[in-house]
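Structure first, commentary second.
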Amino acid sequence: MTATVSTPETTAEVAPGFRRPSQRRRGPWAVAAWVVLMLAVPLLVSSDQWMGVGIFALIAAVGVLGIQIVMGLAGQVSIATAAFMPIGAYTAAWLGVDHGQPFWVWLPASAVVAGIGGALFAPIAVRMRGHYLGVATLGLVFIASYVWEVWTDLTGGSGGRVAAPVVINGQDLLDGYWSGDTQVLTLFQAWWYFAFAVLLVAMVVTWNIKRSRLGRAFMAVRDKDLAAGVVGIPVTRTKTTAFAISSAFAGVSGSLLAAYMGYVTPAQWSLTLSIDFIAMAVIGGAGTIAGALLGALFYKAMPEAVNWLSTYVPFVSQDAKVDGGLTAPLLSQMLFGAAILLVLLFEPRGLNALVRRPFHWARTRRERSAR
Amino acid sequence: MSEPALAVTDLSVRYGAAATALTGIDLMVPRGEIVTLLGPNGAGKSTLMRAVSGLLHVHGGVITSGRVELLGSDVTSDRPAARVRRGLAQALEGRQVFPDLTVAENLAAGGHVRRYRKAQAREALERALSHLPRLHDLMDRKAGYLSGGEQQMLAIGRALMSQPTVLLLDEPSLGLAPKIVETVRDIILDIRDEGTSILLVEQNAAMALSIAQHGYVLESGRIVRSGAAADLRDDDEIAALYLGVSASEGAGSHA
Numbered sequence: 081m082t083a084t085v086s087t088p089e090t091t092a093e094v095a096p097g098f099r100r101p102s103q104r105r106r107g108p109w110a111v112a113a114w115v116v117l118m119l120a121v122p123l124l125v126s127s128d129q130w131m132g133v134g135i136f137a138l139i140a141a142v143g144v145l146g147i148q149i150v151m152g153l154a155g156q157v158s159i160a161t162a163a164f165m166p167i168g169a170y171t172a173a174w175l176g177v178d179h180g181q182p183f184w185v186w187l188p189a190s191a192v193v194a195g196i197g198g199a200l201f202a203p204i205a206v207r208m209r210g211h212y213l214g215v216a217t218l219g220l221v222f223i224a225s226y227v228w229e230v231w232t233d234l235t236g237g238s239g240g241r242v243a244a245p246v247v248i249n250g251q252d253l254l255d256g257y258w259s260g261d262t263q264v265l266t267l268f269q270a271w272w273y274f275a276f277a278v279l280l281v282a283m284v285v286t287w288n289i290k291r292s293r294l295g296r297a298f299m300a301v302r303d304k305d306l307a308a309g310v311v312g313i314p315v316t317r318t319k320t321t322a323f324a325i326s327s328a329f330a331g332v333s334g335s336l337l338a339a340y341m342g343y344v345t346p347a348q349w350s351l352t353l354s355i356d357f358i359a360m361a362v363i364g365g366a367g368t369i370a371g372a373l374l375g376a377l378f379y380k381a382m383p384e385a386v387n388w389l390s391t392y393v394p395f396v397s398q399d400a401k402v403d404g405g406l407t408a409p410l411l412s413q414m415l416f417g418a419a420i421l422l423v424l425l426f427e428p429r430g431l432n433a434l435v436r437r438p439f440h441w442a443r444t445r446r447e448r449s450a451r
Numbered sequence: 015m016s017e018p019a020l021a022v023t024d025l026s027v028r029y030g031a032a033a034t035a036l037t038g039i040d041l042m043v044p045r046g047e048i049v050t051l052l053g054p055n056g057a058g059k060s061t062l063m064r065a066v067s068g069l070l071h072v073h074g075g076v077i078t079s080g081r082v083e084l085l086g087s088d089v090t091s092d093r094p095a096a097r098v099r100r101g102l103a104q105a106l107e108g109r110q111v112f113p114d115l116t117v118a119e120n121l122a123a124g125g126h127v128r129r130y131r132k133a134q135a136r137e138a139l140e141r142a143l144s145h146l147p148r149l150h151d152l153m154d155r156k157a158g159y160l161s162g163g164e165q166q167m168l169a170i171g172r173a174l175m176s177q178p179t180v181l182l183l184d185e186p187s188l189g190l191a192p193k194i195v196e197t198v199r200d201i202i203l204d205i206r207d208e209g210t211s212i213l214l215v216e217q218n219a220a221m222a223l224s225i226a227q228h229g230y231v232l233e234s235g236r237i238v239r240s241g242a243a244a245d246l247r248d249d250d251e252i253a254a255l256y257l258g259v260s261a262s263e264g265a266g267s268h269a
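Going down the list, the sequences are from chains U and B.
Read in order, the letters of the first sequence correspond to residues 81 to 451 in the working numbering.
Read in order, the letters of the second sequence correspond to residues 15 to 269 in the working numbering.
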C-alpha cells in the first residue's frame, strides 16, 4: 500500500529547491484560506450533532497523522494505534485527574509516554517486515487491552474512569467558555477550537518531519532499506524513531478523545479502533497530511450523512423491525461501505489526490496554454 | 598521504556455521586509482563488497579474520554509517535506487550522513551533477520510472552526494546497452580524475580492465590473480575466461 502513495504535489514538498515556482507561491495561500475556513466552521455550523462529528474527526486526524508517518512515510505496517491511544489517555487521566495537573502538562506527557511505549516496542518491530510486523502489532493490541482490564487502579477496570478535563482559565471546556454570565463559546465551539489547535500543531510537526532529513530517511527505508543502509541511514534507529513518533501522535489523540468524552473505558480501545484509523489513512491518502484530516472527516461524517439521507429513502424504516427488512442503520452501514470502495476504486491515492485533481488539471491546462 | 584509500588484509568471511565465502583476501586500492575486481558469479565479489561497506550482517555473514582499513583507519567493526562518514560510498548492484522518491530526493538521501546545510547540499549536488549531466532534466521524476541506464547514473550520483574518497561500484554495466556502458565508463573515469579512488566490481572485464590501473581476480572466495590491469588484459587465461577471446586468438605477452 505504500507503493503509490504520494501525489506529485507531495513529492515536491520534500525536495526544497526543486519545486516549480507556481507551487511555491500558491501553497501558503491555500493553507491560510483553509485555516480561516476551519476557524469559521463553528460560526457557520449550528448543528451540535455535526459539530460533534467534526470534533471527533479533528481528534482522530491527530492519530491518523501518526499512521501517515509510520506507514505512509516509513512503510512499517502497524495495527497498534489502539494500544498506544490508551497509553496517552491513561497518562492524561493519571496526571490530570489523580494529580490535578493542567492540560498543558498532561497533553505533552501523553505524547511522551506513548512515544516511549512505541520506542520500547520498536526492538521487536524492527526485526519483522510486512505481514509479520502487522500481526505483531496486532498482538500488542490484545496485550494492551488485557492490561487495561486488570490494571484497575489506573483504568477503573471495565467500569472505566473519569478522564482528564481540559481547563482553561479555570473553566472546563466541556461547559463551554464563559465571560462572566455570558457564554462566549458553546461546548462544541470551544472544543472545536481546542482540537483544531492541537491538530494544527500536529500537522506542522508532520510537515516539518516530511521535509526534513529524517522524513527522507523514513521514505528511503520504506523504499529500500538495504540501499538506505548503504547511504549511511541507520535503518534500525530510523524505524524506531518512526514508531515512537507515530505512537506519540496516537497518545495525544487518545488523551484528547478521552478528555472530550469525559470518560474512558478499556472496551473502547479495541482492535476495531486500529482498523478505523488505518482505513482513515488509506481513504484520505496514505502518507499525506491533508489526507489525514480528509480521511478522518469522511470516516466520521459519512455514516451520519448516510443516516440522514436514508430518512428520505422510501421503504426504509427508521428503527429495527422484528420481521427484518431494510432499516436506516443497516442501509447507512451498506452505503458507508460502498462509499469506501468507491473512493479506493476511483482514486487509490485517496481523497487527498481526489481533492487536488481539479487544481492539478487547471495547472496543467495553464502550463500547456502558456507554451 | 601514503596510506592507500582502501586496504583489505587477510580477510575471511563465512555465512552461517559452515559456508566459507572468502579466504585470506588481500586487496588494495591506492589513492586516486581505479582498481577492478573480476570473477565469475558466486566467486564472492558481492561478499567482499559487503565486508567493505559493512553490510555483511544484513545477509548473515561474519568476518572471521582480517581487517578492512579506510584511509589508514581500521573500520572492520564500524557500522555502515560510520564508514560512509569516513569517506566510503557505494553504488549497489542492480541499481537499488529508491523507486518512490524523485531523483532529487534520491540524491539528497545520498548526502544523509553529511548533514549538509542548504548551500553545502547545493554544492554537493552540483558536483555530482557535473559528472552526470543527464540527471539534470530528471530531477522531478520518480526514480522507479527511469530507464536502466538512468537508474545506474542515479545510483552513482547518490553515492557521490556524500563526497566520498573511496567509491565502490558494483556491476555498474550490468544489463545496460553497449552505448550506455560507454557513457558509464566515461563517467567513472571522470570521477577518478577528480581524485576519487574507485573499486570497480565487474563482469564486463574488457570495460573494467580498459580503465583500471590494477586488477584482482577472485575465484571460489580466493584471489587467484592480481596485477597491473594491462598485464591482466594481455593474459591468455584471463582473456579466455573473461574477455570472450579464445587463448589462440588472444595475442599476448605472457606477463
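Where a beta carbon is used, it is the ideal one built from N, C-alpha and C, also for glycine.
Practice problem: Could you have a look at U:P367 and say whether DSSP puts it in helix, strand or coil? | Solution: Position 287 of the first sequence, counted from the start, is the residue given in the question as residue 367 of chain U. The question names Pro, but residue 367 of chain U is Gly in the sequence shown. Three-state DSSP puts U:G367 in coil, outside helix and strand.
Quiz item: Considering only C-alpha positions, which residue in the set U:W272, U:M165, U:H179 and U:P428 is nearest to U:V221?
Solution: Here residue 221 of chain U refers to the residue found at position 141 of the first sequence. For U:V221, the nearest C-alpha among the options comes from U:M165.
Practice problem: Apply the 10 Å Cβ neighbour rule to B:V22 and answer buried if 16 or more other Cβ atoms are within range, or exposed otherwise. | Solution: Here residue 22 of chain B is taken as the residue at index 8 of the second sequence, counted from 1. Buried, by the Cβ-count rule.
Exercise. Rounded to whole angstroms, what's the CA-CA distance from U:A339 to B:L115? Just pull it up for me.
Key: The residue you call residue 339 of chain U lines up with position 259 of the first sequence. The residue you call residue 115 of chain B lines up with position 101 of the second sequence. Cα to Cα, the separation comes out at about 39 Å.
Quiz item: Under a CB-based cut-off of 8 Å, is B:V27 close to chain U?
Solution: For the purposes of this step, residue 27 of chain B is taken as residue 13 along the second sequence, with counting starting at 1. Judged by the 8 Å Cβ criterion, B:V27 is not in contact with chain U.
Quiz item: Going along chain U, which residues have a C-beta under 8 Å from B:R99?
Solution: The residue you call residue 99 of chain B lines up with position 85 of the second sequence. Residues of chain U passing the Cβ test: G312.
Quiz item: Considering only C-alpha positions, which residue in the set B:S79, B:V198 and B:L181 is nearest to B:G189?
Solution: As a position in the second sequence, residue 189 of chain B is number 175, starting the count at 1. Among B:S79, B:V198 and B:L181, the Cα nearest to that of B:G189 belongs to B:V198.
Exercise. Determine the DSSP secondary structure at B:G163, reduced to helix, strand or coil.
Key: For the purposes of this step, residue 163 of chain B is taken as residue 149 along the second sequence, with counting starting at 1. B:G163 falls in the helix class under three-state DSSP.
Exercise. Whole angstroms is fine: what's the gap from U:A282's alpha carbon to B:L106's?
Key: For the purposes of this step, residue 282 of chain U is taken as the residue at position 202 of the first sequence. For the purposes of this step, residue 106 of chain B is taken as the residue at position 92 of the second sequence. Each residue's Cα considered, the two are about 37 Å apart.
Quiz item: Closest Cβ-Cβ distance between B:G124 and chain U: below 8 Å?
Solution: The sequence position of residue 124 of chain B within the second sequence is 110, counting from 1. B:G124 counts as touching chain U.
Quiz item: Alpha carbon to alpha carbon, what distance is there between U:G146 and U:T391?
Solution: By 1-based counting over the first sequence, the position of residue 391 of chain U is 311. By 1-based counting over the first sequence, the position of residue 146 of chain U is 66. Approximately 36 Å between the Cα atoms of the pair.
Quiz item: According to DSSP, is B:L190 helix, strand or coil?
Solution: Taking the first residue of the second sequence as position 1, residue 190 of chain B is located at position 176. In the structure shown, B:L190 sits in coil (DSSP, three-state: anything other than H, G, I, E or B).
Practice problem: Go through its chain and collect everything with a Cβ distance to U:L265's Cβ below 6 Å, but skip five positions before and after it. | Solution: Here residue 265 of chain U corresponds to residue number 185 of the first sequence, with the count starting at 1. Contacts found: G256 and Y257.
Quiz prompt | Residue from U:G375, U:T161 and U:G312 with nearest C-alpha to B:D92 | solution = Here the question's residue 92 of chain B lines up with position 78 in the second sequence. Of the candidates U:G375, U:T161 and U:G312, the one whose C-alpha sits nearest the C-alpha of B:D92 is U:G312.
Quiz item: Taking 8 Å as the CB-CB cut-off, is U:G319 touching chain B?
Solution: As a first step, residue 319 of chain U must be located in the first sequence, where it is residue number 239. The sequence shown places Lys at residue 319 of chain U, rather than the Gly named in the question. Output row for U:K319: interface = no.
Practice problem: For the alpha helix (DSSP H) holding B:D184, just list the boundary residues, first then last. | Solution: Numbered from 1 along the second sequence, position 170 holds the residue referred to as residue 184 of chain B. Note, B:D184: premise wrong, no alpha helix (DSSP H); beta strand (DSSP E) at V180 to D184.
Practice problem: Could you tell me the distance, in whole angstroms, from the CA atom of U:N387 to the CA atom of U:L410? | Solution: For the purposes of this step, residue 387 of chain U is identified with residue 307 of the first sequence, where counting begins at 1. For the purposes of this step, residue 410 of chain U is identified with residue 330 of the first sequence, where counting begins at 1. Taking the straight line from one Cα to the other gives about 9 Å.
Quiz item: So the alpha helix (DSSP H) U:A162 belongs to, where does it begin and stop?
Solution: For this step, residue 162 of chain U is matched to residue 82 along the first sequence. Residues T161 to A173.
Exercise. Scan the stretch 157 to 176 of chain B for residues whose Cβ lies nearer than 9 Å to a Cβ of chain U and list them as they occur along the chain.
Key: A157, G158, A169, R172, A173, M175 and S176
Exercise. Please report how far the alpha carbon of U:G197 lies from the alpha carbon of B:G235, in whole angstroms.
Key: Taking the first residue of the first sequence as 1, we reach residue 197 of chain U at position 117. Taking the first residue of the second sequence as 1, we reach residue 235 of chain B at position 221. Roughly 45 Å separates the two Cα atoms.
Quiz item: Using 8 Å as the threshold, is the stretch 168 to 182 of chain B in touch with the stretch 94 to 108 of chain B, meaning 3 or more CB pairs across them?
Solution: yes
Quiz prompt | Backbone CA spacing between B:L153 and U:H440 [nearest angstrom] | solution = If you number the second sequence from 1, residue 153 of chain B lands on position 139. If you number the first sequence from 1, residue 440 of chain U lands on position 360. Note on identity: in this sequence residue 153 of chain B is Met, with Leu being the wrong assignment. Each residue's Cα considered, the two are about 19 Å apart.
Practice problem: To the nearest angstrom, report how far apart B:H150 and B:I212 are at their CA atoms. | Solution: Position 136 of the second sequence, counted from the start, is the residue given in the question as residue 150 of chain B. Position 198 of the second sequence, counted from the start, is the residue given in the question as residue 212 of chain B. Taking the straight line from one Cα to the other gives about 24 Å.
Quiz prompt | Chain-order list of residues whose beta-carbon lies under 7 Å from that of U:A216 (same chain, five-residue window excluded) | solution = In the first sequence, residue 216 of chain U corresponds to position 136, counting from 1. These residues qualify, in order along the chain: I204, A205 and M208.
Self-check item: Supposed contact pair B:V98 and B:T90 - C-beta distance, whole angstroms, cut 8 Å
Solution: On the second sequence, residue 90 of chain B is found 76 positions in, with the first residue counted as 1. On the second sequence, residue 98 of chain B is found 84 positions in, with the first residue counted as 1. Contact doesn't hold; Cβ gap of about 15 Å is too wide.
Quiz item: Below 8 Å between beta carbons: does that hold for U:N288 and U:G371?
Solution: The sequence position of residue 288 of chain U within the first sequence is 208, counting from 1. The sequence position of residue 371 of chain U within the first sequence is 291, counting from 1. No, these two residues do not count as a Cβ contact at 8 Å.
Practice problem: Can you tell me which of the three DSSP states U:S102 falls into? | Solution: As a working mapping, residue 102 of chain U is identified with position 22 in the first sequence. With a pLDDT of 47 at U:S102, under the threshold of 50, the predicted position of this residue should be treated as unreliable, though the coordinate-derived value follows. Correct three-state label for U:S102: helix.
Practice problem: Show which residues of chain B have a CB atom less than 9 Å away from the CB atom of U:M299. | Solution: Within the first sequence, the letter at position 219 stands for residue 299 of chain U. The answer, in chain order, is F112, D114, L115, E119 and A123.
Practice problem: Find out if the Cβ-Cβ distance for the pair U:W44, U:G364 is shorter than 8 Å. | Solution: This structure gives no information on residue 44 of chain U, because the portion of chain U shown stretches from 81 to 451.
Quiz prompt | Residues of the stretch 206 to 223 of chain B with Cβ closer than 7 Å to any Cβ of chain U, in chain order | solution = none
Quiz prompt | Range of the contiguous beta strand (DSSP E) that encloses B:R28 | solution = Residue mapping note: residue 28 of chain B aligns to position 14 of the second sequence, counting from 1. Start and end: L20 to Y29.
Quiz item: What does U:G309 reach in chain B if we use C-beta pairs closer than 7 Å?
Solution: Mapped onto the first sequence, residue 309 of chain U falls at position 229. Within 7 Å Cβ-Cβ: L69, V72 and P94.
Quiz item: DSSP state of U:H440, grouped into three classes?
Solution: Along the first sequence, one-based indexing puts residue 440 of chain U at 360. Three-state DSSP puts U:H440 in a helix.
Exercise. Tell me, please, which residues DSSP counts as bridged to B:E233.
Key: What you label residue 233 of chain B is simply residue 219 of the second sequence in a count that begins at 1. In DSSP, B:E233 forms a bridge with B:R236.
Quiz item: Would you say U:R296 reaches chain B, if we count a Cβ-Cβ gap shorter than 8 Å as a contact?
Solution: Within the first sequence, numbered from 1, the residue matching residue 296 of chain U stands at position 216. Yes, contact with chain B.
Exercise. Under 6 Å Cβ to Cβ from U:L218, same chain only, skipping five residues before and after it: list those, please.
Key: As a working note, residue 218 of chain U is residue 138 in the first sequence. I159.
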